[in-house]
Amino acid sequence: MDIQDSLNPAQKQAVVTTVGPVLILAGAGSGKTKTLTHRIAYLIENEGVWPNEVLAVTFTNKAAREMRERLGSLLQQNASVRHFMPWMGTFHSICVRLLRIDGSSVGVPPNFVVYDESDRQGLIKQAMKQLHITDKQIRASAVSSAISSAKNQLLGPAEYRTTAQYPFQEQVASIYERYEHLRREAGALDFDDLLLEVVGLLRHHEAIRNKWRSQFRHILIDEYQDTNAAQYAIVKSLVGEERNICVVGDDWQSIYSWRGADFTNILNFERDFPGATVIKLEQNYRSTSAILEAAQNVISKNTARTDKKLWTDTPAGLPVQVHQVYDESEEAQLVAGRVGSQVAMGARRYGDFAVLYRTNAQSFNLERSFLQQRIPYQIVGGVRFYDRKEIKDVIAYLRLLYQPNDRMSFSRIVNVPTRGIGATSLEKFLIWQGESRQDIIGALTNVESANGLTPRARNALVKLGGTLRILQAKVLTETSPSEIIETLIERTGYREYILDGTPQAEEREANLSVLVSDAKNYVALPDFLEEAALMSSVDTAEDYEKVTLMTIHAAKGLEFPVVFMVGMEENLLPSSRSLEAGQAELEEERRLCYVGMTRAREELHLSYAARRAQFGDFRFNMPSRFLSDMGHELMVAPSFQQPNNDDDWSELPDFDIGDMVRSSQFGSGEIIDVDGMAVTVVFSSGQTKKLNVEYARLEKI
DNA sequence: TCATTTAACGTTTTT
DNA sequence: CGTTAAATGA
26 MDIQDSLNPA
36 QKQAVVTTVG
46 PVLILAGAGS
56 GKTKTLTHRI
66 AYLIENEGVW
76 PNEVLAVTFT
86 NKAAREMRER
96 LGSLLQQNAS
106 VRHFMPWMGT
116 FHSICVRLLR
126 IDGSSVGVPP
136 NFVVYDESDR
146 QGLIKQAMKQ
156 LHITDKQIRA
166 SAVSSAISSA
176 KNQLLGPAEY
186 RTTAQYPFQE
196 QVASIYERYE
206 HLRREAGALD
216 FDDLLLEVVG
226 LLRHHEAIRN
236 KWRSQFRHIL
246 IDEYQDTNAA
256 QYAIVKSLVG
266 EERNICVVGD
276 DWQSIYSWRG
286 ADFTNILNFE
296 RDFPGATVIK
306 LEQNYRSTSA
316 ILEAAQNVIS
326 KNTARTDKKL
336 WTDTPAGLPV
346 QVHQVYDESE
356 EAQLVAGRVG
366 SQVAMGARRY
376 GDFAVLYRTN
386 AQSFNLERSF
396 LQQRIPYQIV
406 GGVRFYDRKE
416 IKDVIAYLRL
426 LYQPNDRMSF
436 SRIVNVPTRG
446 IGATSLEKFL
456 IWQGESRQDI
466 IGALTNVESA
476 NGLTPRARNA
486 LVKLGGTLRI
496 LQAKVLTETS
506 PSEIIETLIE
516 RTGYREYILD
526 GTPQAEEREA
536 NLSVLVSDAK
546 NYVALPDFLE
556 EAALMSSVDT
566 AEDYEKVTLM
576 TIHAAKGLEF
586 PVVFMVGMEE
596 NLLPSSRSLE
606 AGQAELEEER
616 RLCYVGMTRA
626 REELHLSYAA
636 RRAQFGDFRF
646 NMPSRFLSDM
656 GHELMVAPSF
666 QQPNNDDDWS
676 ELPDFDIGDM
686 VRSSQFGSGE
696 IIDVDGMAVT
706 VVFSSGQTKK
716 LNVEYARLEK
726 I
């Protein structure tokens, strides 16, 4: 089979135009991934390009994995099979690889570790503490996003200070400075540093830049509308004299400007790379024309955009359906009910459905209804597997073994499991360790010579040091990651620590087993650590037997036969923040709405509630303006009946003293006190808990 | 000085 | 319900 066979003319052109800059404006559902993979296959098969001369950048690890698989089967069908692959991955993972090789030129240690958002905020809190800035007045998360956007604009602490105007920015400048100092000491890089250091590497080291330029003879960038200034700088540096750069994107689907993404990068591509071939993919293969038309009506209200006209030759299909409901729990019931009946009729499988929402908080009610109606579901995003406490603990141990200057990780695990080392002892130890010019593990084993520590703390530290030293030896002899983890869990007493007799113990242990089997996929510890840090919450494997629940952001690039978009209300979509912020932000919300709608292949349902519990009380939001933008071809489903009781708590069962209840967490018990939302329950296990009926899923029995 | 108990809080979107 | 920070007790 020829690589070009299944392609339409525009796609074919995108595949065979292999010389010079190429801009592919790919509308939603226009076969973008297919085109990209075919292009790579074509380069390798027909143009004699070696796989390792190709650099393909994707937006998520999942997209990279998918592309790798597709490319594998594409190349296998053809004569010559090469068992190695192009460089594929997110900007972040590519940068990790470059820095492992050449990072020493810009002062990045070869064994650096990657800090995620919560690590970064932890370090910011430490920096603030050292500067005696209370985290009451400035939130660490605010500092974090300020630092992040500074880094995304390629501003170091000094440059940032010169731009500071307000007292807040002055303070951030100091924290930023301190943070960078601590981060360097720990041998760690945060997400933004990965990009920033590579920018510096390529800018200031001509030989290295030229090396990579001649290595990557063909560069492909997916989701180019979501690149930020740092990523843009990397692209510009890597493109060599041949200028074989191909970017794919859709300004209509730019939804990450709050993260520093700048879709003018795609609008300026022709200016940056003169003589570029521009190819528009406008035929949509995904959605029915009813869905496509409604989506097009929404997006066309934006002013800052390119002109495109998506078309399809598929039939109109069912009209887009709008459902008005009374409140969020009725909304959830409606969705779950629809899913349940369609599956019961045999018309669909659970995996055919996706429910999309603006904020993660909205998943709660949906989950409850799905549980009640016994419909299997999976949440994509939300809490990452690698964000669970037991997992982060083990990762912290591993990081410390690999990078024994990582104070953050050390502080996390020094008293986990409990060893009798509290805040005071830790601080004393760290001060001494800092002065003694040894790394943490070395300092632990020599801690006898430290003074000021209580004998109890000293003994505990020595013992910990011994254990870590043994484990560290295993890292150096390149024992497999899974083996290291297993030894670690035993030797540190971590297994005993999580088996504390509570009902969650089993789940925690199961999570550790998953971690061990995950680790079996990696030969060396650094590879595993990198994956753990860069694995995003949307990178979870899909399950075809479950309904998918996720944010609209997380749904980008996916498609489903039936999509429900819930919470189509003013102040939610568009969000209240965007309404306050202004026109540009509102246009981004509109794009977000467009992205959500175009995920649907056959059926699209939109719902809005008259009343919604938001920010602690009840809001009465207007239907989203995007609904009226969609045109008149919508089917408005029968409106809700106002529940006959006007009690605010109608969905929550009434609880009285003496009632028997069941909790998924604590088992069954008896209510002994009721105080507004707070209910005191004595459980059969003997423990007494004060629970909030709004959050605890208490079931009356 | 450390560990356990109690109170307060939760709302964008994420590599 | 989870997590986190303060308060309390050993």
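Quick note: the first sequence uses my numbering, first residue 26, plus one each step. For glycine and all other residues, C-beta sits at the position ideal for the given N, C-alpha and C.
For the set 329, 241, 706, the Cα lying nearest the Cα of residue 65 is the one of 241. Counting along the chain, the unbroken alpha helix (DSSP H) around residue 117 starts and ends at 116–127. Residue nearest to residue 376 within the set 397, 232, 404, 389 is 404 (criterion: CA-CA distance). Here residue 614 is buried. Its C-beta has 16 or more other C-beta atoms within 10 Å.
Boundaries of the alpha helix (DSSP H) around residue 218: 216–229. The residue among 59, 58, 30, 79 with its C-alpha nearest the C-alpha of residue 43 is 79. Per the Cβ contact rule, the segment 595–602 is not in contact with the segment 248–264 (fewer than 3 Cβ pairs under 8 Å). For residue 560, DSSP assigns no beta-bridge partner whatsoever. Distance check between residue 401 and each of 427, 365, 237, 417 places 365 closest, using alpha-carbon atoms only.
The continuous stretches of alpha helix (DSSP H) do not include residue 573, which lies in the beta strand (DSSP E) extending over residues 572–576.
The distance from the Cβ of residue 428 to that of residue 137 is about 7 Å, consistent with a contact at the 8 Å cut-off.
A check of alpha carbon separations from residue 632 across 321, 383, 38 identifies 383 as the nearest. Shortest Cα-Cα distance from residue 495 to any of 58, 152, 388, 426 involves 426. With contacts defined by Cβ atoms closer than 7 Å, residue 445 and residue 481 form a contacting pair. Per DSSP, reduced to three states, the secondary structure at residue 404 is strand.
The secondary-structure analysis by DSSP pairs residue 648 across a beta bridge with 594. Here the segment 137–156 makes contact with the segment 206–225; the two share three or more CB pairs at distances below 8 Å. Scanning 630, 603, 181 for the CA closest to the CA of residue 617 turns up 603. One thing to note: residue 198 has its Cβ within 7 Å of the Cβ of residue 185. A buried status is given to residue 560, since no fewer than 16 other beta-carbon atoms sit within 10 Å of its beta-carbon.
As a beta-bridge residue in DSSP terms, residue 243 pairs with 79.
Residue 169 is a Cβ neighbour of residue 149, given a cutoff of 7 Å. Annotation: the continuous beta strand (DSSP E) that includes residue 379 extends over 378–382. Excluding residues up to 5 positions away in sequence, 487, 490, 491, 494 lie with their Cβ nearer than 8 Å to the Cβ of residue 470 in the same chain. Spatial neighbours of residue 586 in its own chain (CB-CB distance under 6 Å, excluding positions within 5 residues in sequence) are listed in chain order as 377, 626, 627.
Beyond the five residues adjoining it in sequence on each side, residue 189 comes within less than 6 Å, by CB distance, of 195, 198 in the same chain, given in chain order. The C-alpha of residue 363 lies about 15 Å from the C-alpha of residue 345. Fully contained in the segment 441–515 are the following alpha helix (DSSP H) runs of length 4 or more, in chain order: 448–461, 465–470, 480–501. Taking C-beta atoms as the reference points, residue 593 and residue 538 fail to come closer than 7 Å.
Residue nearest to residue 32 within the set 441, 254, 308, 124 is 308 (criterion: CA-CA distance).
Contact check for residue 588 against residue 554 fails: the beta carbons are separated by 7 Å or more. Going by DSSP, residue 89 is part of the alpha helix (DSSP H) stretching over 86–101.
When DSSP states are grouped into helix, strand and coil, residue 697 belongs to the strand group. The closest CA to that of residue 434, considering only 63, 145, 98, is found on 145. When the five nearest sequence neighbours on each side are left out, the beta carbons in the same chain lying within less than 7 Å of the beta carbon of residue 248 are those of 84, 274, in order along the chain. Residue environment analysis places residue 682 among the exposed positions, since fewer than 16 neighbouring C-beta atoms fall within 10 angstroms of its C-beta.
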